[in-house]
Each structure stands twice: as structure tokens, then as C-alpha cells.
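First comes the structure, then the notes that go with it.
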Amino acid sequence: MNGFVLITIASWQNNIIFVPYPTKKTKRRKLPGFKIWTATNIFTGFGRNCAIWKIVFFAKMESPARGAALHSNSIRTPEREPDSPLPPIQERLAYLRPSRELLEFYRQKIAQFDSEHEELLQMLEKYKGITEDQHKLQWDIRQREGEIAELQNALSDMQVYLYQEREQSLRLYAENDRLKIRELEDRKKIQHLLALVGPDTGEITYFHREPPHKVTITQRNPESRLEESLSLRPTKLKPTVIRKESIRRPKSVDGVNGETLEQYKNDNQTLLLQVEALQAQIEEQTRLAKEQIESLLEDRRIKTEEAQAQQRRDQDRITALTERHQQTQKLLYESTKDFLQLKFDTRTHEKSWMVEKDRLLRELDSCHNRLRKAGSAVTDPGQMWPPSASTALLLTRPQPESQQAHKEELKALQEDLKQAHRLAEMYREQCITLETELAQIREEGDVGREIFKERSDKMAKRLQLMTQRYEALEKRRVMEVEGFKTDLKHLRQKFKDVEKQLLKVTLNVGPNQDLAVLHEVRQTNTRTKKIQGELMALKAKIYGLENELRFS
1 MNGFVLITIA SWQNNIIFVP YPTKKTKRRK LPGFKIWTAT NIFTGFGRNC AIWKIVFFAK
61 MESPARGAAL HSNSIRTPER EPDSPLPPIQ ERLAYLRPSR ELLEFYRQKI AQFDSEHEEL
121 LQMLEKYKGI TEDQHKLQWD IRQREGEIAE LQNALSDMQV YLYQEREQSL RLYAENDRLK
181 IRELEDRKKI QHLLALVGPD TGEITYFHRE PPHKVTITQR NPESRLEESL SLRPTKLKPT
241 VIRKESIRRP KSVDGVNGET LEQYKNDNQT LLLQVEALQA QIEEQTRLAK EQIESLLEDR
301 RIKTEEAQAQ QRRDQDRITA LTERHQQTQK LLYESTKDFL QLKFDTRTHE KSWMVEKDRL
361 LRELDSCHNR LRKAGSAVTD PGQMWPPSAS TALLLTRPQP ESQQAHKEEL KALQEDLKQA
421 HRLAEMYREQ CITLETELAQ IREEGDVGRE IFKERSDKMA KRLQLMTQRY EALEKRRVME
481 VEGFKTDLKH LRQKFKDVEK QLLKVTLNVG PNQDLAVLHE VRQTNTRTKK IQGELMALKA
541 KIYGLENELR FS
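In full-length UniProt numbering, the protein residues as written are 1 to 552.
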């Protein structure tokens with residue numbers, strides 16, 4: 001007769017299973033009447049929070065009497081867990097026939113579950129990478145949008161500064177025109193006073209040096225030279241002025257009083273120059289106002305388009321978030337419903353298990369009573385034990401002389417089982433401690449990674465800001481250097497023009513213009529000194545800016 005002994009050891013931990021193997025003492029001890037064939041670990045549970053390992057000993061029973069005695073002692077001991085929801089051992093032995101096919105089936109199931117677990121982990125990692133890439137792209141898009149907005153604001157500011165500079169240049173042009181007209185009036189007054197008083201040729205002597213590089217200038221009419229030296233900005237009204245002067249010339253010749261006509265002519269010329277300057281200012285102001293209005297309309301159009309695009313993006317985002325919220329609510333409703341259904345099913349199973357537990361306890365008590373009655377009343381050694389309702393196997397009555405040996409063996413097995421439980425508890429505590437330490441280490445690692453990431457982000461932002469500031473300072477320095485070079489070029493050109501005009505005046509001066517030439521020479525000297533002072537100041541500013549950029 002072949003029999004089976006099944007010892008179940010459960011270890012309830014999170015994803016970590018410790019199997020308490022038998023000690024050396026247990027390995028050396030042999031069950032009386034049994035021959036150990038093999039011991040196989042079968043994984044019968046699957047889940048995150050539970051795992052059950054069964055150690056199945058396949059043995060061949062030598063003596064039916066000893067097997068029946070051992071079975072009766074195992075039934076007589078109430079050491080098995082009364083609160084276990086599993087069916088009794090006899091029913092499991094009645095329906096379970098462990099074999100190689102069953103072990104292979106469980107191994108295949110374990111391999112299948114492991115492969116499914118690996119596939120799920122790979123899918124989760126893939127989805128995690130996709131979401132991280134999506135978040136990075138969204139963050140880059142937001143950064144680009146912010147940069148575009150900053151550039152647009154900078155462009156608007158530059159346009160405002162440009163219009164301000166143009167207005168300033170228009171004001172400078174108007175001031176220049178006013179000063180030129182005033183200079184013309186002053187020259188006319190000086191000429192008139194010189195004509196009235198007249199210089200003393202015996203007391204005034206002028207020495208004219210030879211011009212540099214021996215530049216020869218042709219003789220021109222004093223009136224044409226005066227117009228050339230005091231000409232304003234080129235406008236459309238200049239030919240009309242010349243026509244008016246050409247028309248009025250014959251009339252002035254036919255006048256009776258030449259001095260009055262000459263004075264009127266000078267006044268008309270001054271007024272025409274003023275009108276010309278005012279018309280040029282009005283045209284430039286009108287052009288500037290039109291350009292400013294066009295730029296403002298363009299800015300308004302761009303802002304409107306950006307606002308509409310942002311509104312569309314916000315609307316699409318709100319729609320997507322609303323759909324996600326609805327889907328989340330549906331999933332929450334379904335998961336809650338499934339959870340409640342599972343809870344109800346679990347309670348139903350618990351009720352059925354409690355009923356079965358009560359039934360098994362009653363049967364166990366009745367079996368104990370029968371065994372006690374049979375041990376006290378029956379003296380026949382060949383008589384069998386009465387069958388119980390909880391088992392389907394027929395157990396033979398053990399011999400009186402072998403009961404003590406079976407009891408000792410049963411106590412040894414109980415001690416081994418207790419030792420196995422103690423080992424399981426010890427491994428369970430070690431597992432909990434290690435899991436706690438692992439969780440703390442993971443939390444510390446996550447915190448360290450977050451701190452490092454925050455610091456690296458701050459350093460990257462600071463580096464980007466410093467790079468932008470350095471580029472802005474470099475651009476500003478280049479623009480200022482170019483502006484200073486342009487100013488120097490203009491000042492040099494003006495200086496050359498003044499020298500040329502001075503040469504023209506010195507070469508083509510008449511006998512009645514010595515005092516005016518002397519006055520012009522003095523003014524030119526003062527202007528030259530002033531320009532030289534400005535040049536020195538500009539050079540000092542350039543050197544100062546270069547030093548600041550070098551040491552910053």
C-alpha cells in the first residue's frame with residue numbers, strides 16, 4: 001500500500017519567499033516504516049502579497065499498521081491550523097495525485113507567469129520612456145514659446161527706441177537748420193556793418209598760408225559760395241527757390257533803391273530757407289508718424305494672432321483634459337464596482353469556509369471521542385479503526401507495543417514543524433527588516449537624485465543666463481564701438497569739410513571780408529578744440545568700456 005505525507009509551510013511576504021529547509025538532524029532521521037523517494041518544492045500560489053511553498057514527501061509505506069497508527073496520531077493531534085481556509089489534508093490527498101506531469105505543469109505555469117511579469121515590466125518601461133519624452137517635448141515647446149515672446153518684446157522695444165532716436169535726429173536736424181539760418185542772418189548783418197563802416201586798409205594786414213598739398217580751388221561767385229556753404233538738407237522746394245530768385249533778379253535790377261531791394265532779397269532768402277526747413281521737418285514728421293502707426297498696427301495684428309492661437313490651444317487642452325477626466329471617472333466607477341464585488345465574493349467565501357470549519361471541527365471531535373472509546377473498550381489487535389466523515393481512507397489499528405514509538409516519532413515531527421515555523425518567523429522578520437532598509441535606501445536615493453537634478457537644473461539655467469548676458473554685453477560693446485567709429489568718421493568728415501571751407505574762404509576772400517575771415521578762423525579754432533575734446537572723451541569712454549568688458 002502506497003501513501004503520501006504532505007507538509008505545508010506558508011511564507012507571507014512581499015515578493016520575497018524564504019523556504020525553511022529541514023536541518024541536518026531532520027535529514028538524518030528516517031521515518032519508521034517509510035522510504036523517502038524524493039522531495040520537491042511546488043509553487044502553488046501567485047500574487048504580490050502571498051506565496052505558498054509545499055514540500056511533498058513521496059514515501060512507500062512498509063507496514064499498514066504503522067501507517068494507520070501514524071495517521072491516527074496525526075488526526076488525534078489538534079496541531080493543524082483550525083483557521084486555515086484550505087480543505088483538510090485527507091480531502092487534498094484524496095483528490096491530489098502528485099506526479100511528474102503535475103510538477104511540470106506547475107513549472108510551466110511559473111515560467112508563464114514570470115514571462116508575463118517581464119513583459120508587463122517592459123511595457124511599463126516603454127510607456128514610461130514615451131511619457132518622459134512627451135514631457136520633455138512639451139517643456140521644450142514651452143521654453144521656445146517663452147523665448148519667442150521675449151524676442152517679440154525685445155523687437156517691440158527696439159522699434160520704440162528706433163522711433164525715439166529718429167525723433168531725436170529730427171529735433172537735431174531742426175536745430176541745425178535753425179542755427180544755419182541764424183548764421184546766415186548773422187553773416188548778412190556782419191556784411192552790412194562792414195559795408196557801412198568799411199575797413200582801414202593801412203592798419204589791417206592778413207597773411208594767408210599756402211594750403212596743404214597745394215589744392216587749387218576755382219573762383220566762384222560770392223553768392224553761389226554763400227548758398228553752398230549755408231545750404232540746408234536737400235528737399236523738393238530748392239528748385240522753386242532758385243526759380244523765384246531767377247525771376248526776382250531782373251526785378252531787383254530795375255529798382256530805384258538797391259539797398260532796400262537787397263535787404264528785401266536777403267529777408268526773402270531767409271524766409272524761404274525757414275519755409276524749406278519747416279516743410280522738410282513736416283514731411284519727416286509725417287513719414288515717421290506713418291511708420292510708427294504701421295508698426296503699431298502690425299504689433300496689434302501679431303498680438304491678436306498670438307492670442308487667438310493661445311486660445312485655441314487652451315480650448316484643445318481643456319477638451320482633452322475633460323475627456324481624460326470623464327474616462328478617469330468611468331475607470332474609477334468600474335474599479336470601485338469590481339472592488340465591491342470582490343469584497344462581497346470574499347465575504348461569501350469566508351462564510352462558506354467558516355461553515356466548513358465548524359463541520360470539520362465537529363467531525364474531529366467525534367473522531368477523537370470514537371478513538372478514546374475504541375482505545376478503552378477494544379482489545380482485539382486485528383480490529384480496524386471506525387471510519388470518520390472527514391476522510392475516505394481506511395486506517396488500521398496500531399499494535400500496542402508500537403504506540404510509544406509512534407508517539408515519539410510524532411513528537412519529533414512536531415518539534416521539526418515548530419522549528420520550521422520558528423525559522424519561517426525569523427526569515428519573515430529578516431525580510432521585513434531588509435525591506436524597510438531597502439525602502440529607506442531607495443527613498444534616500446530618490447531624494448539625492450531629486451536634489452542633484454534640481455541643482456543641475458539651477459546650474460544650467462544660471463549658465464544659460466550668464467551666457468545670454470555675456471552675449472548681450474558683447475553685442476552692446478560691438479554696437480557701441482561701431483557707433484563710436486561712425487561718430488569719429490562723421491567728425492573727421494566734418495573737420496575735413498570745415499578745412500575745405502576755410503581754404504575756400506581764405507583763397508577767395510575779397511578786400512572787404514578780412515574781418516569776417518578772421519572771425520571765421522577764430523570760430524573754426526574754437527570748434528576744432530571742442531571737437532578734439534569730444535574725440536578725447538569718446539576715446540576715454542571706449543577704453544573704459546573695453547576695460548569693463550575685459551574684467552567683467
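Using N, Cα and C, we set each Cβ at its ideal position, and we do this for glycine too.
Within 7 Å, strictly: CB atoms of residue i and residue j
i: L538; j: R477; result: no
i: T524; j: L502; result: yes
i: R171; j: L288; result: no
i: V498; j: E520; result: no
i: N266; j: K189; result: no
Status (buried if at least 16 other CB within 10 Å, exposed otherwise) for residue i
i: residue 555; result: Not covered by the structure: residue 555. The range shown for the chain is 1 to 552.
i: I148; result: exposed
i: D338; result: exposed
i: L321; result: exposed
i: A540; result: exposed
i: D177; result: buried
i: E276; result: buried
i: A154; result: exposed
i: L413; result: buried
i: A420; result: buried
i: A424; result: buried
Candidates the options: closest to residue i by CA position
i: E185; options: R107, N268, K351; result: N268
i: A309; options: M459, M479, E145, D365; result: E145
i: K485; options: Y543, R428, Q108; result: Y543
i: K496; options: A516, I531, E474; result: I531
i: A516; options: E119, L193, E125; result: L193
i: L162; options: T433, K136, E291; result: E291
i: D299; options: Q311, R347, L151; result: L151
i: M536; options: D487, K461, R428; result: D487
i: Q138; options: Q263, R317, L434, K475; result: R317
Cβ neighbours of residue i in the same chain (closer than 7 Å, five flanking residues each side left out)
i: Q274; result: I181
i: E480; result: L545
i: Q311; result: none
i: L278; result: none
Beta-carbon proximity list for residue i, same chain, < 6 Å, skipping 5 on both sides
i: M466; result: none
i: S295; result: Q159
i: D380; result: A caution first: D380 carries a pLDDT of 48, below 50, which makes its placement in the model too unreliable to give a value.
Neighbourhood of residue i by C-beta distance below 8 Å, restricted to the same chain and skipping five residues each side
i: residue 568; result: Lying before the first or after the last residue shown, residue 568 is absent from the chain, which here runs from 1 to 552.
i: F551; result: none
i: E546; result: R477
i: T286; result: none
Residue i at chain D interface by Cβ criterion, 7 Å
i: L491; result: Among the protein chains of the structure shown there is no chain D, as only one such chain exists.
- Only counting runs of 4 or more residues, tell me where the alpha helix (DSSP H) segments fall wholly within the stretch 126 to 153, in order along the chain. Fully enclosed alpha helix (DSSP H) runs of 4 or longer: not present.
- 3 or more residues per run - each beta strand (DSSP E) lying fully within the stretch 265 to 308: none
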